[in-house]
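Written out below as structure tokens is the structure these notes cover.
Residue numbers (the numbering used here): 134 to 814.
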């Protein structure tokens, strides 16, 4: 109608919400329940007359039998699901030879609305089975429709406290008899414990994808309205497209070869899920599960599913999908602070074992892959990857598993294969947007770009990664400063104080990373590449002025120390045409002999400061009032500041500077060193 008459609009709703009744009170309306009464009556009659108990009742009391079916259809209000549940309950009573009065009382006890009916079902769960039923509800909810009958069986039998004793990595061979037993056991437990809320249907709700499992295999959506006048082309023969036939609520059953133990555990109806997820019911479920950890059980279940995987079932049970699901469960556990690293380590070992025995386990690309992780990367539309992961830890880095990744790299496990050629710090600084594990999670919810994780950067710097490492003609330190300046430009056009506060928090985070690089001996000259003469001032001067001054002072002191150490002096270039025959004598400071001939600048300023530079710089910041003294722990400059130089040494015991030719005070020596630093600049 909407296609023939473009001025017609229709509002469709699955439920008669009050907002719709108020909005369309005086407009034409149609309730489908008025049209489904004949179908419901036919459904009730068909199921009742197929029951031997009802046949006997009909022979003894034909009038009541007819009234019972009519009352049931009238009370249903056109809701097929309600009819199905009530018919199932009444048929069980007929099998128990309930009297006529019992059947009528049972029918009257059923609420006419689904929510009240569900409440009666929930309250009727046997208290002895209540805890296990609540566990099943939690598992199915978190799994999001991915939990199979066999997977639920594995998840139900794990003991969290003693799981490591039964942790194995080899293949798990299940016979057909054992697989059938586990399926039947799970089906019966669901039926007896959950009162019909959960079930394993005889056919799947989802379309079966083609063997290679790509998104192209999904049945195409219907064409837009303007193309409906032409019949759509038929789907390719290898696709199994779901078609909802008239009067059907589920897709047709899969081929008979579909393994029963791989069928999904589902809710009876989507309204069941809504009921179980309501606040009151959800609190009851979670308060009655004890110390049960759903995420742990699901990860364990997937490990056993991988071990029990068979090549013959690869169409219905793909290992890359199990790996992705396990990583998603791990991410949820990490956010809650209860991820067990042993399970992820076990996943790596189990998949190593499966891939080593048969590379085809990850699909057709297995024969061309050196590692199984190449086929198990996350599938996200927003992320474009230049190459698949080549190690398990790189696969983990593609998920926000910061704690796990940091724990593994502290054990000297490489994330990338080329870390011997390219330091990890460079990848973190330049590719953190691609790897969620390198990002700071606390800033993942606002509207600004992500930022690198400070903790991982700090570990890399402390483990010896060079902040001045050059790649593509830029150092890691330059990339940090450039990204700080880019982030600061986000302030333009922001008038909302809340959004500006979020930006300041991010800039505070960036400033802490800049401080780490300065203390790790980053080149202070890189700070000059800015129109203001200071990239730090350009990035932080407006939003964080005090922090900007502090960082610039650290860089200034770093510059003086580099000058003292002779790091700014480059060796003279050898020239073939012209050579200097005469060497101009250079005056040596603080020496009675006055002049030392044949000495170059590089030889003069050879010095090695044996002290903790970070401690010394922070101590100076305290003295200048930049950092509160009570906020710094053990930052006193050691008494044993020793300078090893070519012609003099520091004698700290006497309280002064001792040279071969005499002694001067500490203050005088300090002034001389500052003078040398300025000349070095």
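Ideal Cβ placement from N, Cα and C applies to all residues, glycine included.
Could you compute how far the alpha carbon of residue i sits from the alpha carbon of residue j?
i	j	result
residue 816	residue 507	Only positions 134 to 814 of the chain appear in this structure, which leaves residue 816 out of reach.
residue 392	residue 254	30 Å
residue 669	residue 467	35 Å
residue 451	residue 687	55 Å
residue 348	residue 653	Bear in mind that a pLDDT of 33 at residue 348, under 50, signals an unreliable position, so the number given afterwards is only what the model happens to contain. For residue 348 and residue 653, the distance between alpha carbons rounds to 47 Å.
residue 421	residue 199	44 Å
residue 561	residue 588	11 Å
residue 320	residue 636	53 Å
residue 568	residue 178	60 Å
residue 577	residue 304	39 Å
residue 204	residue 465	48 Å
residue 657	residue 681	15 Å
residue 544	residue 297	21 Å
residue 425	residue 313	27 Å
residue 471	residue 445	36 Å
residue 152	residue 161	16 Å
residue 538	residue 413	38 Å
residue 257	residue 629	53 Å
residue 202	residue 174	7 Å
residue 761	residue 512	Unreliable placement is indicated for residue 761, whose pLDDT of 49 sits below 50; the coordinate value is still reported in the next sentence. So the two alpha carbons sit approximately 49 Å from each other.
residue 141	residue 172	29 Å
residue 678	residue 667	13 Å
residue 191	residue 228	14 Å
residue 195	residue 242	23 Å
residue 374	residue 335	Reliability fails at residue 374, whose pLDDT of 39 lies under 50, so the model's placement of it is uncertain and no value is given.
Just to confirm my understanding: we take residue i, look at its own chain, exclude 5 residues before and 5 after, and list those with CB closer than 6 Å. What are they?
i	result
residue 323	331
residue 525	481 and 506
residue 565	571, 572 and 585
residue 405	330
residue 333	282, 320, 396 and 398
residue 244	250
I'd like to check one pair, residue j with residue i: are the Cβ atoms closer than 8 Å?
i	j	result
residue 316	residue 283	yes
residue 574	residue 533	yes
residue 570	residue 596	no
residue 676	residue 647	no
residue 584	residue 643	yes
residue 269	residue 211	no
residue 300	residue 479	yes
residue 276	residue 431	yes
residue 651	residue 691	yes
residue 557	residue 594	no
residue 325	residue 262	yes
residue 655	residue 601	yes
residue 180	residue 247	no
If I measure Cβ to Cβ from residue i and keep anything under 7 Å in the same chain, skipping five residues before and after, which residues do I get?
i	result
residue 540	474
residue 226	235, 236 and 239
residue 581	623, 635, 636 and 639
residue 381	Confidence at residue 381 is low in this model, with a pLDDT of 38, below 50, so its placement is unreliable and the value that follows should be read with caution. None.
Is it right to say residue i is buried, meaning 16 or more other beta carbons lie within 10 angstroms of its own, or is it exposed?
i	result
residue 627	exposed
residue 604	exposed
residue 458	buried
residue 501	exposed
residue 144	exposed
residue 230	exposed
residue 443	exposed
residue 433	buried
residue 109	This structure does not reach residue 109, given that the chain is present from 134 up to 814, and the question cannot be answered.
residue 461	buried
residue 402	buried
residue 288	buried
residue 616	buried
residue 146	exposed
residue 527	buried
residue 163	exposed
residue 477	buried
Quick one: what's got a C-beta closer than 8 Å to residue i's C-beta in the same chain, skipping five residues either side?
i	result
residue 318	286
residue 671	618, 621, 663, 664 and 665
Flag residue i as yes if its beta-carbon sits less than 8 Å from any beta-carbon of chain B, otherwise no.
i	result
residue 145	In the structure shown, chain B cannot be found, because there is only a single protein chain.
Mind the definition here: the stretch 157–172 touches the stretch 183–192 only if three or more C-beta pairs lie below 8 Å; say whether that holds.
-> no
Are three or more beta carbon pairs between the stretch 431–444 and the stretch 484–499 nearer than 8 Å?
-> yes
Inter-stretch contact (C-beta, 8 Å, three-pair minimum) for the stretch 394–402 and the stretch 233–241 | no
If we count Cβ pairs, one from each stretch, closer than 8 Å, do we get three or more for the stretch 245–259 versus the stretch 401–415?
-> yes
The stretch 209–228 / the stretch 282–294 touching (three or more Cβ pairs under 8 Å) = no
Report yes or no: do three or more beta-carbon pairs, one from the stretch 609–628 and one from the stretch 661–671, lie closer than 8 Å?
-> yes
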